[in-house]
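Engineer:
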Amino acid sequence: MTIEIKSSDDIDNMRLVGRLAAEQLEMVEEFVKPGVSTEKLNQICHDYTIEIQNAIPAPLNYRGFPKSICTSVNHVVCHGIPNEKKILKDGDIINIDITLKKNGFHGDTSKTFLVGNTSKLATRLTEVCQESLYLGIKAVRPGGYVGDIGAVIQKHVERNRFSVVREYCGHGIGRVFHDEPQILHYGKEGTGPELRPGMVFTIEPMVNAGKPNVKLLPDNWTVVTKDHKLTAQWEHTILVTENGYEILTWRKDDTIERCN
Ligand code: MF3
Ligand code: CO
Ligand code: CO
């Protein structure tokens with residue numbers, strides 16, 4: 002297994018596409034409210050990508066995925082397909098996952114939005130998932146190991162009596178959407194590949210309120226919790242730097258420094 006080290010030109014391109022993906026999550030926020038369909042959110046993002054950002058929505062036709070973004074509501078873990086019949090209601094949580102392609106490079110990021118007044122459980126689950134992403138990011142440093150990231154995420158999630166999804170993981174990213182290495186969101190410190198400056202990958206923990214088990218629906222995309230309990234996800238694209246990390250998909254609402 003070889004993990005690509007990005008050139009400084011590659012990194013410039015990754016910074017650009019990462020910023021565009023982040024700006025898209027900022028842009029869509031005002032539309033995420035009760036009464037909107039996930040298809041409408043898809044259409045808004047699709048048009049913005051093509052007409053405003055001059056970029057490509059990478060999910061569209063990726064391995065047959067039919068839409069431009071993923072919209073995963075409540076018990077949907079990931080890869081939810083936007084649909085005009087799925088209307089957001091007060092108290093829902095929805096992960097919107099944006100992957101853009103620009104100049105041949107990918108930027109991949111997602112967040113879980115709270116729709117109106119959410120339950121204490123939904124709110125806490127979403128917070129713990131974001132906190133676990135931030136702890137994972139802070140574990141990124143040259144000379145560290147991929148396993149350090151999963152270890153710290155798993156500890157934080159389980160300390161809060163939630164569970165980590167095992168079947169899906171973060172991934173190297175660049176000209177290739179899903180590349181080496183796999184970034185597991187559980188595991189042991191000091192295991193796996195060593196981190197080196199110039200590596201770029203996503204960290205994207207999926208955290209369940211109940212058991213970690215998931216199930217794939219017959220559409221072959223939508224992943225749900227087996228127990229139908231709530232689940233949340235947050236994702237950033239991260240560059241390993243000489244000092245530690247740089248968040249290529251950093252947004253203004255992030256409560257972690259863009260880099261260290
Ligand atoms: N953006 C997702 C990820 O974080 C992948 C979506 S693949 C799709 O890796 F085909 F469902 F869009
Ligand atoms: Co990803
Ligand atoms: Co994603």
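In our numbering, the protein residues as written are 2 to 261. Beta carbons: idealized from backbone N, C-alpha and C, even for Gly.
#1: Fully enclosed by the segment 217-243, which beta strand (DSSP E) runs are 3 residues long or longer?
#2: Distance check for L240 and M229, CA to CA, integer angstroms please.
#3: I need the DSSP call for N55, collapsed to helix, strand or coil.
#4: With distances taken from CA atoms, which of H186, V33 and A56 is nearest T72?
#5: So for S8, helix, strand or coil by DSSP?
#6: So, for N84: in the same chain, excluding its five sequence neighbours on each side, which residues have a beta-carbon less than 6 Å away from its beta-carbon?
#7: Can you list, in chain order, the residues of its chain with a C-beta nearer than 6 Å to that of M200? Leave out the 5 residues immediately preceding and following it.
#8: Is it buried or exposed, D91, if we count other Cβ atoms within 10 angstroms and call 16 or more buried?
#9: Have a look at I150 and I51 and give me their C-alpha separation to the nearest angstrom.
#10: What residues are listed by DSSP as bridge partners for N62?
#11: Alpha carbon to alpha carbon, how far is R160 from N55?
#12: Tell me E247's beta-bridge partners as DSSP assigns them.
#13: Suppose you measure from the CA of P35 to the CA of I88; what does that come to, to the nearest Å?
#14: Please say whether I138 and I257 have beta carbons closer to each other than 8 Å?
#15: Between which two residues does the beta strand (DSSP E) containing G108 stretch?
#16: Check whether the Cβ of R142 lies closer than 8 Å to any Cβ atom in chain B.
#17: Out of G148, V215 and N214, which has the shortest C-alpha to C-alpha gap to G191?
#18: Would you call M2 buried or exposed, if buried means 16 or more other Cβ atoms sit within 10 Å of its Cβ?
#19: Can you check whether the CB of I99 is closer than 8 Å to the CB of A233?
#20: When the Cα of V166 is compared with those of T124, V215 and L122, which residue comes out closest?
Structural biologist: Taking the geometry as given:
#1: 224-226, 232-234 and 237-241
#2: Taking the sequence shown and counting its residues from 1, the one referred to as residue 229 is at position 228. Taking the sequence shown and counting its residues from 1, the one referred to as residue 240 is at position 239. Here residue 229 turns out to be His, not Met, going by the sequence shown. Using only the alpha carbons, I get a separation of about 34 Å.
#3: Your numbering for residue 55 matches position 54 in the sequence shown. Coil at N55, not helix or strand.
#4: Locating residue 72 in the sequence shown gives position 71, where the first residue counts as 1. Residue V33 is the option with its Cα nearest to T72.
#5: Here residue 8 corresponds to residue number 7 of the sequence shown, with the count starting at 1. In the three-state reduction of the DSSP assignment, S8 falls in the coil class, being assigned neither a helical nor a strand state.
#6: In the sequence shown, counting from the first residue as 1, residue 84 sits at position 83. Around N84: T39 and E40.
#7: For the purposes of this step, residue 200 is taken as residue 199 along the sequence shown, with counting starting at 1. These residues qualify, in order along the chain: I4 and V241.
#8: On the sequence shown, position 90 is the one that residue 91 refers to. Its Cβ having fewer than 16 others within 10 Å, D91 is exposed.
#9: The residue you call residue 150 lines up with position 149 of the sequence shown. The residue you call residue 51 lines up with position 50 of the sequence shown. Going by the C-alpha atoms only, they are around 34 Å apart.
#10: Translated into the one-based positions of the sequence shown, residue 62 becomes position 61. Paired residue(s): none; N62 is not in a bridge.
#11: Translated into positions along the sequence shown, residue 160 becomes position 159. Translated into positions along the sequence shown, residue 55 becomes position 54. So the alpha carbons of these two residues sit roughly 43 Å apart.
#12: Looking up residue 247 in the sequence shown gives position 246. According to DSSP, E247 bridges with L240 and C260.
#13: Residue 35 sits at position 34 when you count from the first residue of the sequence shown. Residue 88 sits at position 87 when you count from the first residue of the sequence shown. The alpha-carbon atoms of P35 and I88 are separated by roughly 7 Å.
#14: As a working mapping, residue 257 is identified with position 256 in the sequence shown. As a working mapping, residue 138 is identified with position 137 in the sequence shown. Yes, they are a contact pair.
#15: By one-based count along the sequence shown, residue 108 stands at place 107. Taken as a continuous stretch (DSSP letters only), the beta strand (DSSP E) holding G108 covers F106 to L115.
#16: Judged by its chain identifiers, the structure shown contains no chain B, having just a single protein chain.
#17: One-based indexing of the sequence shown puts residue 191 at position 190. Of G148, V215 and N214, the residue nearest in Cα terms is G148.
#18: To locate residue 2, count along the sequence shown from 1; it is residue 1. Classification of M2: exposed, given that the 10 Å Cβ count is below 16.
#19: Position 232 of the sequence shown, counting from 1, holds the residue named residue 233. Position 98 of the sequence shown, counting from 1, holds the residue named residue 99. No, they are not a contact pair.
#20: Taking the first residue of the sequence shown as 1, we reach residue 166 at position 165. Looking at the Cα atoms, V215 is the closest of the given residues.
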